[in-house]
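Take a look at the structure below.
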Amino acid sequence: MPLTLDHLRRYAVARSLFKPTTLMRAIEKLGFVQADPIRAPARAQDLTLRHRVVGYRAGELERRYPRLALEEDFFVNYGFLPRAHHALMHPRTARTAWTPARWKQARAVREYIAERGAVHPREVDAHFAHGKTTNWFGGSSNASTELLDGMHYRGLLRVARRDGGTRVYAVREDVAPVDKAGIGARLDALIDLIVRKYSPLPDASLGQLVSYLGRGVPQWDAARKPALVRARQRLQRARVEGVDWVWPADERAESRRWKPDEQVRLLTPFDPVVWDRRRFQLLWGWAYRFEAYTPAPKRKLGYYALPLLWRDRVIGWGNLSVAEGVLRPQLHYVDGHAPQEAAFDQALEAELARMRVFLGLE
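Position in the sequence shown counted from 1, then plus 78, gives you the working numbering.
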């Protein structure tokens, strides 16, 4: 039977929305969970995990993080990875070289943190008085915060926990350099993580994501292109309606095992089911845009529109808010109206009930 977009839709939804499991197992299965600070009505990492973790509640990842074998870091974007996956990217060398004076500051801060175990940025700022600096969007921020961020990116520090959303840092142990053969093996493993999270992928999206990997492993830029060539050789691929698609070699996209359930789900814009906007339009036939940073008069979907999935179709979107302890959903549909089926009404009410429990409103 020829592979069709219907096969790919079912495959994309069913493989990503696996049977809910424990928090650590869900993150290991995903390979990586993207983070975002916007809370509308909850942060992206929580909205992603609520569909995949039994009994998950908003903020649970942050609360349990110190006791789990996880790290915060940049991969293809910023988020949470199992330590085994995180280790594949280090030791990391940043593209921007530090001056000797900057390295002297970093060593002093690292010694200070090592003596104390875990340190909040305000403690570093109070002790060293590094002053202010201009941040990336033109505003003013503490120079200590920028230094700590750079130390974390370079692998000198790790995030031990968060206090009120602010990263609290601890020293990360030095790791040995990687030889040439090891670099190739690590890049292969990192690309496989990408593929397993976002499959099935248009081949162009795979190339885009491997380019984003340059932020996770800038020290291996020259090796990324050969790694992409190797990946394209080992992955399964097919051309469907003029587009080349790829997915893991050990999975069959056309298999009957991929059966999306009858649930309605409101997905974060960063959920792996909808993250790739190119794939989204190919599979569901309409353009979804994340508009939180779009000026309000120019928004078409809303500040934080959550794609609305039913079965294997994204049929609309919702903007959710909480006022006086009550969840207030505003739902919109691509066809201009909700499906005219009692099964949909029941599934939607069940999803809104799950959202209320997740947010602690019931």
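Where is the CB? At the ideal position from N, CA and C, for every residue including glycine.
Item to check | Within 7 angstroms, strictly: CB atoms of residue 142 and residue 436 | outcome: The residue you call residue 142 lines up with position 64 of the sequence shown. The residue you call residue 436 lines up with position 358 of the sequence shown. In this structure, residue 436 does not lie closer than 7 angstroms to residue 142 by Cβ.
Checklist entry - I think residue 434 touches residue 405, with their Cβ atoms under 8 angstroms apart; what is that distance to the nearest whole Å? => result The residue labelled residue 434 in the question sits at position 356 within the sequence shown. The residue labelled residue 405 in the question sits at position 327 within the sequence shown. Contact check for residue 434 and residue 405: beta-carbon distance about 5 angstroms, within the 8 angstroms limit, so the pair qualifies.
Checklist entry - Is residue 213 helix, strand or coil when you go by DSSP? => result The count along the sequence shown starts at 1 and reaches residue 213 at position 135. In this predicted model, residue 213 has a pLDDT of only 49, less than 50, meaning its place in the structure is not dependable enough to derive any value.
Item to check | Extent of the continuous beta strand (DSSP E) to which residue 158 belongs | outcome: Locating residue 158 in the sequence shown gives position 80, counting from the first residue. Its beta strand (DSSP E) spans residues 156–160.
Item to check | Whole-angstrom distance between residue 229 and residue 301, CA atom to CA atom | outcome: Walking along the sequence shown from the start, residue 301 turns up at place 223. Walking along the sequence shown from the start, residue 229 turns up at place 151. Rounded to the nearest angstrom, the two C-alpha atoms are 24 angstroms apart.
Checklist entry - Under the rule that 16 or more other beta-carbon atoms within 10 Å means buried, what is residue 123, buried or exposed? => result By one-based count along the sequence shown, residue 123 stands at place 45. A buried status is given to residue 123, since no fewer than 16 other beta-carbon atoms sit within 10 Å of its beta-carbon.
Checklist entry - By the 10 Å Cβ neighbour count, where 16 or more other Cβ atoms means buried, how is residue 311 classified, buried or exposed? => result Here the question's residue 311 lines up with position 233 in the sequence shown. Looking at its Cβ environment, which holds fewer than 16 other Cβ atoms inside 10 Å, residue 311 is exposed.
Next on the checklist: So the candidates are 225, 377, 150; which of them puts its Cα closest to the Cα of residue 175?
Outcome noted: Residue 175 sits at position 97 when you count from the first residue of the sequence shown. Selected option, being the one with the closest Cα: 225.
Checklist entry - Should the segment 333–350 be called in touch with the segment 422–432, which here means at least 3 C-beta pairs below 8 angstroms? => result yes
Checklist entry - Since residue 278 and residue 360 are thought to touch, with beta carbons under 8 angstroms apart, how far apart are those beta carbons, to the nearest angstrom? => result In the sequence shown, counting from the first residue as 1, residue 278 sits at position 200. In the sequence shown, counting from the first residue as 1, residue 360 sits at position 282. Not confirmed; about 10 angstroms, so no contact.
Checklist entry - Excluding sequence positions up to five away, which residues of its chain have a Cβ less than 6 angstroms from the Cβ of residue 125? => result Taking the sequence shown and counting its residues from 1, one reaches residue 125 at position 47. So the qualifying residues of the chain are 346.
Next on the checklist: Measuring straight from C-alpha to C-alpha, what distance separates residue 85 and residue 335?
Outcome noted: Position 7 of the sequence shown, counting from 1, holds the residue named residue 85. Position 257 of the sequence shown, counting from 1, holds the residue named residue 335. About 11 angstroms.
Next on the checklist: I need the boundaries of the beta strand (DSSP E) containing residue 244, first residue and last residue.
Outcome noted: Position 166 of the sequence shown holds residue 244. Where residue 244 is concerned, the enclosing beta strand (DSSP E) stretches over 244–249.
Checklist entry - Using the rule of at least 16 other Cβ atoms within 10 Å of the residue's Cβ for burial, across every protein chain shown, is residue 213 buried or exposed? => result Taking the first residue of the sequence shown as position 1, residue 213 is located at position 135. Because residue 213 sits at a pLDDT of 49, beneath the cut-off of 50, its placement in the model cannot be relied upon, and the point is left open.
Checklist entry - residue 380 to residue 393, Cα distance in whole Å? => result Your numbering for residue 380 matches position 302 in the sequence shown. Your numbering for residue 393 matches position 315 in the sequence shown. Looking at the two C-alpha atoms, the distance is approximately 16 angstroms.
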